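Asker: Supplied in structure tokens, the structure appears directly below.
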Amino acid sequence: MSNEFDTEILGDKGYIKVNGDLDSEPSGEALRQAFNVLFDKGQRTIVLDLSGVQIINSYGIGKVLTCYKRLKSENGVLMVKPLQGFVKETFELLMLDKLLPTDE
Amino acid sequence: MGSILILGDQQFLESDWVDEISAGEGRVTLASSLDQTRSDTFDIIFTNLSLPTEPLSSLGELSKRDSVLVVAEKHLNIVELVKGGAHYVLSGNIEPQDAKWVLESALRIKRKKQFPQPGTLKSRFDFNASAQPTGPYHLALLDSLEGIKQITREEKMKLLLAYQEVITNAIDHGCLELDSRLKEFLNFEGVDAFSVEKKRRLADPYFGDRRVFVEASFSEGTFSLVVEDEGRGFLPNIYLKLEPDRVYGRGLELLQCVMDEVIFHNHGRKVELTKRYGAKI
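Going down the list, the sequences are from chains A and B. Residue 22 is where the first sequence starts when you use our numbering, and the numbers rise one by one after that. Residue 81 is where the second sequence starts when you use our numbering, and the numbers rise one by one after that.
Right, here's the structure in full:
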């Protein structure tokens, strides 16, 4: 599994496609780097596509929220593509679905 | 009361727990090969010999129709062993209390004249914090439980989540004594101080050589996980302000959602998790 996530800019939004699970340091590091690619280009609305994620634990959630806070400190927004399955359930358990708007 | 055969290699037969079992109830026979057992049959067979895929049938002459087969397996071939007829599987480092636990359970079954249900598993192992510094952490016992259909895939993922939480806490906060607040401090590249300090402490034997002990078991529909660390332990701060965007401190919430019981012992050096599913046939 590659430890790099694809990024894309479409219109006024930057997109990060997360491959694999968000549960450990390699994936956390990949997310940070992908985020930096977009952030350094001035993107302040960033969308995470977690449709390929099977497992997310509190470590992965912490990394997502670090991205959220970095954007928030610059009046930016972190969004997520519609969630499903286990990831959706975990987000709802921790009430993160209220924090991160959905990019339909 | 019942007849017990302990069948194994020299090291197995000389284990501490064998003396304790021999002194307990039941008629105990020790053997290092099938030849030594002559024409006896046994109520309970406890073995660590490498068995073929059908362990119960390979021990056919030794077993009565309702013998309980207990297998100690270092290599975690649990699914094949259970499919082949093993009722109980112990894996990893067996301690006297594990052998006694499983034999007491087997004797209870025999006493009630019940037919033994397959799928009682116990696994015990330990590792240095520096040996497995980062996840993802896997627990082979959970894969086995899914393999023998004692839990669904979704149930397994939730238990895996809980397992990863407690292992991470044991390593990061217990062994390495890291404070989660360091996660809030980022450098200009977005790297947090926690990650930086963690790398440093893993390389320091004072922290990195500390061990984490794991005991996982599944019996009669109940999953139990006990994790203990040699560090200062981890007690979640239940008074943390409930900020919705808090970067750390969500592990306990997750644990409480997934598990039925979460109990901390010894100032957080030992945590015990329990999840009950009810017995499956």
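Just so you know, even glycine gets a beta-carbon here, dropped at the ideal spot from N, CA and C. Just so you know, these numbers come straight off a predicted model, no measurement behind them.
Taking 8 Å as the cut-off, decide whether the C-beta atoms of S185(B) and S299(B) are in contact.
Answerer: Numbered from 1 along the second sequence, position 105 holds the residue referred to as residue 185(B). Numbered from 1 along the second sequence, position 219 holds the residue referred to as residue 299(B). Yes. Within cutoff.
Asker: Using a cut-off of 7 Å between C-beta atoms, extract the partners of C337(B) located in chain A.
Answerer: Translated into the one-based positions of the second sequence, residue 337(B) becomes position 257. Within 7 Å Cβ-Cβ: L114.
Asker: Would Y80(A) pass as an interface residue toward chain B - the criterion being a Cβ-Cβ separation below 8 Å?
Answerer: Here the question's residue 80(A) lines up with position 59 in the first sequence. Yes - at least one Cβ of chain B is within 8 Å of the one on Y80(A).
Asker: Which residues, in order along the region 65–93 of chain A, keep a beta-carbon less than 7 Å from a beta-carbon of chain B?
Answerer: I76, N78, S79, Y80, I82, G83, L86, T87, Y89, K90 and R91
Asker: Would the region 325–338 of chain B count as touching the region 281–289 of chain B if we require 3 or more Cβ pairs under 8 Å?
Answerer: Taking 8 Å as the limit for Cβ pairs, the verdict is that the region 281–289 of chain B does not touch the region 325–338 of chain B.
Asker: Which one of G106(B), R349(B), T200(B) and T214(B) has the shortest CA to CA distance from R312(B)?
Answerer: The count along the second sequence starts at 1 and reaches residue 312(B) at position 232. Of G106(B), R349(B), T200(B) and T214(B), the residue nearest in Cα terms is R349(B).
Asker: Can you tell me the Cα-Cα spacing of P47(A) and L86(A), whole angstroms?
Answerer: As a working mapping, residue 47(A) is identified with position 26 in the first sequence. As a working mapping, residue 86(A) is identified with position 65 in the first sequence. Distance between the alpha carbons of P47(A) and L86(A): 17 Å.
Asker: How do the region 285–297 of chain B and the region 37–55 of chain A stand: do at least 3 beta-carbon pairs fall below 8 Å, yes or no?
Answerer: Between the region 285–297 of chain B and the region 37–55 of chain A there are fewer than three inter-stretch CB-CB distances shorter than 8 Å, so the stretches are not counted as touching.
Asker: Can you pull the chain B residues whose beta carbon is under 8 Å from the beta carbon of N96(A), in chain order?
Answerer: Translated into the one-based positions of the first sequence, residue 96(A) becomes position 75. Ordered by position in chain B, no residue passes the 8 Å Cβ test against N96(A), which lies about 15 Å from the chain.
Asker: Given that D42(A) touches chain B, what residues does it touch there, using C-beta distances under 8 Å?
Answerer: Here the question's residue 42(A) lines up with position 21 in the first sequence. Those within 8 Å of D42(A) in chain B are P216.
Asker: Quick one: is E226(B) near chain A, going by C-beta distance under 8 Å?
Answerer: On the second sequence, residue 226(B) is found 146 positions in, with the first residue counted as 1. No, E226(B) does not count as interfacial toward chain A.
Asker: Between F26(A) and chain B, is there a C-beta pair that is closer than 8 Å?
Answerer: Counted from its first residue, the first sequence places residue 26(A) at position 5. Chain B, which has no Cβ nearer than 8 Å to the Cβ of F26(A), makes this no.
Asker: Would you report the Cα separation of A103(B) and T121(B), rounded to the nearest angstrom?
Answerer: Along the second sequence, one-based indexing puts residue 103(B) at 23. Along the second sequence, one-based indexing puts residue 121(B) at 41. About 20 Å.
Asker: Would the beta-carbon of L353(B) fall within 8 Å of that of L315(B)?
Answerer: For this step, residue 353(B) is matched to residue 273 along the second sequence. For this step, residue 315(B) is matched to residue 235 along the second sequence. No, the pair does not count as a contact, with Cβ atoms beyond the cut-off.
Asker: Taking CB distances under 8 Å as the criterion, tell me whether L120(A) reaches chain B.
Answerer: Indexing the first sequence from 1 puts residue 120(A) at position 99. At least one chain B Cβ lies under 8 Å of L120(A).
Asker: Determine the chain A residues that contact Y328(B) at a beta-carbon separation under 7 Å, and present them in chain order.
Answerer: In the second sequence, residue 328(B) corresponds to position 248, counting from 1. Per Cβ cutoff of 7 Å: G83.
Asker: Residues in the same chain with beta-carbon distance under 6 Å from M22(A), minus the five sequence neighbours each way, listed in chain order, please.
Answerer: Here residue 22(A) is taken as the residue at index 1 of the first sequence, counted from 1. With a pLDDT of 44 at M22(A), under the threshold of 50, the modelled position of this residue cannot be trusted; read the value that follows with caution. Within the same chain, M22(A) has close Cβ partners G41.
Asker: Got a sec: is the Cβ-Cβ distance from G35(A) to anything in chain B below 8 Å?
Answerer: Walking along the first sequence from the start, residue 35(A) turns up at place 14. For G35(A), the answer is no, since every Cβ of chain B falls outside 8 Å of its Cβ.
Asker: What whole-angstrom Cβ distance do V108(A) and L71(A) have, given they're in contact under 8 Å?
Answerer: Mapped onto the first sequence, residue 108(A) falls at position 87. Mapped onto the first sequence, residue 71(A) falls at position 50. So it is a contact: roughly 5 Å between Cβ atoms.
Asker: Output the distance between the C-alpha atoms of L239(B) and H253(B), rounded to the nearest integer angstrom.
Answerer: As a working mapping, residue 239(B) is identified with position 159 in the second sequence. As a working mapping, residue 253(B) is identified with position 173 in the second sequence. If you take the alpha carbons of L239(B) and H253(B), they lie about 21 Å apart.
Asker: What does a CB cutoff of less than 8 Å around D272(B) pick up in its chain, not counting 5 residues either side in sequence?
Answerer: Sequence index remark: in the second sequence, residue 272(B) carries index 192 (1-based). Taken in chain order, the residues that qualify are L262, K263, E264, F265 and L266.
Asker: If I measure Cβ to Cβ from N317(B) and keep anything under 8 Å in the same chain, skipping five residues before and after, which residues do I get?
Answerer: Residue 317(B) sits at position 237 when you count from the first residue of the second sequence. Contacts found: G329.
Asker: Tell me the residue span of the alpha helix (DSSP H) that contains Y243(B).
Answerer: Here residue 243(B) is taken as the residue at index 163 of the second sequence, counted from 1. Y243(B) -> alpha helix (DSSP H) spans R233 to N249.
Asker: Is DSSP giving L121(A) helix, strand or coil here?
Answerer: Locating residue 121(A) in the first sequence gives position 100, where the first residue counts as 1. It is coil, neither helix nor strand.
Asker: Alpha carbon to alpha carbon, what distance is there between L335(B) and I189(B)?
Answerer: Residue mapping note: residue 189(B) aligns to position 109 of the second sequence, counting from 1. Residue mapping note: residue 335(B) aligns to position 255 of the second sequence, counting from 1. I189(B) and L335(B) have their alpha carbons spaced roughly 32 Å apart.
Asker: State yes or no: is the beta carbon of E46(A) nearer than 8 Å to at least one beta carbon in chain B?
Answerer: As a first step, residue 46(A) must be located in the first sequence, where it is residue number 25. Yes, because at least one Cβ of chain B sits closer than 8 Å to the Cβ of E46(A).
Asker: Assuming I125(B) and L149(B) are in contact, meaning their beta carbons sit under 8 Å apart, how far apart are those beta carbons, in whole angstroms?
Answerer: Translated into positions along the second sequence, residue 125(B) becomes position 45. Translated into positions along the second sequence, residue 149(B) becomes position 69. Rounded, the Cβ-Cβ distance is 5 Å, consistent with contact.
Asker: At what residues does the alpha helix (DSSP H) containing S112(B) begin and finish?
Answerer: Reading the second sequence from its first residue, position 32 is the one you call residue 112(B). First-last for S112(B): undefined, no H or E at that position.
Asker: Can you name the residues of chain A whose CB is closer than 7 Å to the CB of T248(B)?
Answerer: To locate residue 248(B), count along the second sequence from 1; it is residue 168. Within chain A, the residues near T248(B) are Y80.
Asker: Once you ignore the five residues that flank P176(B) on each side, which residues in its own chain have a CB closer than 7 Å to its CB?
Answerer: Position 96 of the second sequence holds residue 176(B). So the list reads D96, W97 and E100, once near-sequence residues are dropped.
Asker: Would you list the residues sitting across from T302(B) in a DSSP beta bridge?
Answerer: Taking the first residue of the second sequence as position 1, residue 302(B) is located at position 222. Bridge partners of T302(B): S299(B) and R356(B).
Asker: Looking at A220(B): is its Cβ nearer than 8 Å to the Cβ of V307(B)?
Answerer: Translated into positions along the second sequence, residue 220(B) becomes position 140. Translated into positions along the second sequence, residue 307(B) becomes position 227. Not in contact: A220(B) and V307(B) (Cβ atoms no closer than 8 Å).
Asker: F268(B) by DSSP, collapsed to three states: which one?
Answerer: In the second sequence, residue 268(B) corresponds to position 188, counting from 1. Coil at F268(B), not helix or strand.
Asker: Can you tell me which of the three DSSP states H345(B) falls into?
Answerer: Position 265 of the second sequence holds residue 345(B). If DSSP states are grouped into helix, strand and coil, H345(B) belongs with the strands.
Asker: Would you call the region 240–247 of chain B and the region 207–219 of chain B touching, i.e. three or more CB-CB distances under 8 Å?
Answerer: Yes: at least three Cβ pairs fall under 8 Å.
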